[in-house]
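Using our numbering, read the sequence shown as starting at 354 and increasing by one per residue. Here is the structure we will look at, set down as structure tokens.
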Amino acid sequence: MTKLCASAAVAVSDIVSGASLAVGGFGLCGIPDVLIAAIAQGSATDLEIFSNNCGTDGIGLGILLAGKRIRRVTASYVGENSEFARQYLSGELEVELTPQGTLAEKLRAGGAGIPAFFTPAGVGTLVAEGGLPWRYRVDGSVALASPPKEVREFDGRRYVLERSVTTDFALVHAQTGDTEGNLVFNKAAMNFNPLAAMAARTCIAQVENLVQPGELDPAQVHLPGVFVDRIVHTGAQPKHIERRTVTPAKAPIV
Numbered sequence: 354m355t356k357l358c359a360s361a362a363v364a365v366s367d368i369v370s371g372a373s374l375a376v377g378g379f380g381l382c383g384i385p386d387v388l389i390a391a392i393a394q395g396s397a398t399d400l401e402i403f404s405n406n407c408g409t410d411g412i413g414l415g416i417l418l419a420g421k422r423i424r425r426v427t428a429s430y431v432g433e434n435s436e437f438a439r440q441y442l443s444g445e446l447e448v449e450l451t452p453q454g455t456l457a458e459k460l461r462a463g464g465a466g467i468p469a470f471f472t473p474a475g476v477g478t479l480v481a482e483g484g485l486p487w488r489y490r491v492d493g494s495v496a497l498a499s500p501p502k503e504v505r506e507f508d509g510r511r512y513v514l515e516r517s518v519t520t521d522f523a524l525v526h527a528q529t530g531d532t533e534g535n536l537v538f539n540k541a542a543m544n545f546n547p548l549a550a551m552a553a554r555t556c557i558a559q560v561e562n563l564v565q566p567g568e569l570d571p572a573q574v575h576l577p578g579v580f581v582d583r584i585v586h587t588g589a590q591p592k593h594i595e596r597r598t599v600t601p602a603k604a605p606i607v
């Protein structure tokens with residue numbers, strides 16, 4: 354059975370309300386923007402998202418956020434999205450902030466079949482002790498806070514127990530892929546994409562360049578096709594920049 358889908362709309366057609374999604378990308382680098390846009394064109398809502406961040410206003414996951422399609426987000430960074438902050442602080446969105454390395458390991462461990470793991474990240478903070486606001490009320494009070502987690506000592510050092518993540522779907526972006534789902538990512542655009550793909554029961558990949566089986570050097574494949582269930586050939590997409598910073602032009606020397 355072919356993994357190649359005729360369109361992004363076809364590829365995401367069975368993502369229903371209440372589904373959980375692991376989404377690749379770091380900021381706006383390596384985001385599966387075409388797949389996200391296809392979901393936005395559908396009717397799925399109350400989505401639970403696991404991603405490093407939630408895009409920016411009007412770009413990437415920010416599109417689903419603006420449409421009130423997301424119920425809960427587990428992320429590491431949310432600073433570039435004003436609508437995210439507004440929904441969180443007004444009680445419209447549930448948010449679990451997680452150390453970035455912990456989130457990466459949650460996804461990797463989930464894909465490896467490891468239900469939980471111990472990490473030193475977060476020990477001695479609200480991450481381990483509980484009390485992080487997950488959801489606010491309209492009046493600004495905390496409606497739901499994170500529970501305390503198990504902390505155990507190994508070889509004289511304390512570690513906190515973190516549960517792994519598995520999701521219904523993953524959305525990832527690759528520079529090149531073959532029709533069997535073997536993927537190659539472009540430099541830093543690799544970021545969370547392989548980890549998101551591993552954690553999902555169904556992985557959907559958008560690829561800029563589509564090749565036939567055998568055309569990729571096996572030694573250069575970043576993610577084996579066994580992790581990928583569906584492929585959408587999108588061609589090259591516009592690359593967005595979160596915040597452009599340039600050095601002011603200097604006056605010419607005469």
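A virtual CB, placed ideally from N, CA and C, is assigned to each residue, including glycine.
Whole-number beta carbon distance between residue j and residue i, since they are thought to touch under 8 Å
i, j, result
"L514", "A462", "That pair is no contact at about 12 Å."
"L418", "E436", "6 Å"
Alpha-carbon spacing of residue i relative to residue j, whole angstroms
i, j, result
"H670", "Q559", "No answer is possible for residue 670: it lies beyond the span of the chain, which begins at 354 and ends at 607."
"R583", "F379", "22 Å"
"C358", "L524", "14 Å"
"P452", "K421", "25 Å"
"T520", "Y489", "25 Å"
"A553", "G464", "7 Å"
"K459", "N546", "13 Å"
"S404", "G371", "16 Å"
"A362", "L374", "16 Å"
"D508", "T409", "42 Å"
"I467", "E506", "20 Å"
"P591", "R510", "47 Å"
"P571", "F522", "26 Å"
"L414", "G454", "21 Å"
Beta carbon of residue i nearer than 8 Å to that of residue j
i, j, result
"G484", "A498", "yes"
"A474", "V504", "no"
"L446", "I412", "no"
"L563", "V537", "no"
"V426", "C407", "yes"
"I402", "I368", "no"
"A549", "V376", "yes"
"H593", "M543", "no"
"A428", "L400", "no"
"V581", "K356", "yes"
"Y512", "F471", "yes"
"G534", "E561", "no"
"W487", "V448", "yes"
When the options are compared against residue i, the one with the closest alpha-carbon
i, options, result
"Q565", "T409, R596, F580, T532", "T532"
"A540", "Q528, V579, A390", "Residue identity check: residue 540 is Lys in the sequence provided, not Ala. Closest option to K540, Cα to Cα, is Q528."
"G395", "A364, D410, H586", "A364"
"I416", "I384, G444, L442, A496", "I384"
"H586", "I557, P577, R597, Q573", "I557"
"S366", "S373, G466, A397, R424", "A397"
"S443", "G578, G509, S373, S494", "S494"
"R596", "G454, E433, P501, L450", "E433"
"G646", "P501, G567, G466", "Residue numbering for the chain in the displayed model covers 354 to 607; residue 646 lies beyond these limits and cannot be assessed."
8 Å Cβ cutoff, residue i in contact with chain C
i, result
"I606", "Chain labels in this structure do not include chain C; a single protein chain is all it has."
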